[in-house]
Ligand code: GUN
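Residue numbers (our numbering): 7 to 293.
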């Protein structure tokens, strides 16, 4: 049996089209500011893709590209100015930041209401407590994919490989909130296959090609590959060996064309959500 392939590109396109129509009804467009520091080639591609998708959806996009040597103080000042700017509803600082930055301090300086990455402690805490505000884009995109494919979650065993703040940890909380039994593995977990083979839903987000082979996948499992690795020959590959895993899984995401496009769609959705929250707050204050 060969798995059905989850077409993240198609699902994301549908979401982006729905957002575009929604934004047309806005009197002023939502505004998204993206700060990128330095010359990381992968980051530059991600930021360009985010900008292109924003513009297509009708979001006012502002990219602030700063040189490697820029001081943390200057970046913090820029963020404070964006926090005060009523035309900007979402602020994103592309990671990784250069080594001389305290990334946590930079992320914490973004107003939680404009934190479209969902990385601020207020948004992380709200997610943890089951009353989410703006949610991290990649795991939120995975949840949307599972919903779109009608994957049952309640009572299922979800195994997450990778415990990052960006993907693994929020992914665990989101699946737990939907009633899954959740196991979180990390790069130090011995005999990884013992855990992955027990997964009804397997989410892999480590950044190591071929970490999960087909013999580590339970028959009929749903496999979500968040990995995005550039191979020596220039090709993109996930963390899961697609060819062997698809013979075992019932549903599987490809790389590229799986989770990646969903992350961008969720960023746009968070920006619209942030703008709508401002509008709702404004109309309450004038009543
Ligand atoms: N770098 C890799 N993934 C992400 C992400 O989701 N958000 C930001 N800001 N930077 C990233």
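Beta carbons: idealized from backbone N, C-alpha and C, even for Gly.
Query: When you compare each of 188, 137 and 170 to residue 159 by their alpha carbons, which one comes out closest?; Result: 188
Query: Along the chain, which unbroken stretches of the alpha helix (DSSP H) at least 4 residues long are found entirely within the stretch 192-224?; Result: 198-202
Query: If contacts are defined as beta-carbon pairs under 8 Å, then residue 43 and residue 81 qualify, I think. What distance do you get, rounded to the angstrom?; Result: 7 Å
Query: Going along the chain, which residues of its own chain have a beta-carbon closer than 7 Å to the beta-carbon of residue 252, five neighbours each way excluded?; Result: 8, 9 and 258
Query: Is residue 4 close to the ligand GUN? I mean its beta-carbon at under 7 Å from any heavy atom of the ligand.; Result: For residue 4 there is no data in the structure shown, the boundaries of the chain being 7 and 293.
Query: Leaving out the 5 sequence neighbours to the left and right, which residues in its chain are closer than 7 Å to residue 212 when beta-carbon positions are compared?; Result: 167, 168, 193, 233 and 245
Query: Return the chain-ordered list of same chain residues with a C-beta closer than 7 Å to the C-beta of residue 255, the five sequence neighbours on each side being excluded.; Result: 9, 223, 227, 228 and 229
Query: Which stretch, first to last residue, makes up the alpha helix (DSSP H) that contains residue 86?; Result: 78-90
Query: When we look at the beta-carbon of residue 18 and count the other beta-carbons within 10 Å, is it buried (16 or more) or exposed?; Result: buried
Query: Across the stretch 20-31 and the stretch 75-93, are there enough close Cβ pairs to call them in contact, namely three or more that are closer than 8 Å?; Result: no
Query: Could you please give the first and the last residue of the uninterrupted alpha helix (DSSP H) stretch that includes residue 48?; Result: 47-63
Query: Can you tell me the Cα-Cα spacing of residue 14 and residue 263, whole angstroms?; Result: 6 Å
Query: Cβ of residue 123 within 7 Å of any heavy atom in the ligand FAD?; Result: Looking for the ligand FAD in the displayed structure turns up nothing; the ligands present are the ligand GUN.
Query: Would you say the beta carbon of residue 143 comes nearer than 7 Å to a heavy atom of the ligand GUN?; Result: yes
Query: Pick out whichever of 53, 62 and 59 has its Cα sitting closest to the Cα of residue 72.; Result: 53
Query: Is the distance from the Cβ of residue 147 to the Cβ of residue 265 below 8 Å?; Result: yes
Query: If you run the structure through DSSP and keep just helix, strand and coil, what is residue 70?; Result: strand
Query: Would you say residue 262 lies against chain D (beta-carbon separation less than 8 Å)?; Result: Note that chain D does not occur in the displayed structure, where there is just one protein chain.
Query: In whole angstroms, what is the alpha-carbon distance linking residue 203 and residue 64?; Result: 44 Å
Query: Output needed for residue 59: all residues of its chain with C-beta closer than 7 Å, excluding positions within five of it in sequence on either side, in chain order.; Result: 22, 270 and 274
Query: Quick check: the Cα distance between residue 12 and residue 142, rounded to an integer number of angstroms?; Result: 21 Å
Query: Between which two residues does the alpha helix (DSSP H) carrying residue 227 extend?; Result: Here residue 227 belongs to no alpha helix (DSSP H), and DSSP marks it neither H nor E.
Query: Could you tell me the distance, in whole angstroms, from the CA atom of residue 50 to the CA atom of residue 93?; Result: 24 Å
Query: Do the CB positions of residue 136 and residue 128 come within less than 8 Å of each other?; Result: no
Query: Using the rule of at least 16 other Cβ atoms within 10 Å of the residue's Cβ for burial, across every protein chain shown, is residue 124 buried or exposed?; Result: buried
Query: In terms of alpha-carbon separation, which member of 248, 154 and 176 lies closest to residue 16?; Result: 154
Query: Going by the beta-carbon positions, is the gap between residue 157 and residue 208 smaller than 8 Å?; Result: no
Query: Leaving out five residues on either side along the sequence, give the residues of the same chain with a beta carbon under 7 Å from the beta carbon of residue 172.; Result: 142 and 144
Query: Rounded to whole angstroms, what's the CA-CA distance from residue 281 to residue 184? Just pull it up for me.; Result: 27 Å
Query: The alpha helix (DSSP H) with residue 169 in it runs from where to where?; Result: Premise fails: residue 169 is in no alpha helix (DSSP H) and is neither H nor E.
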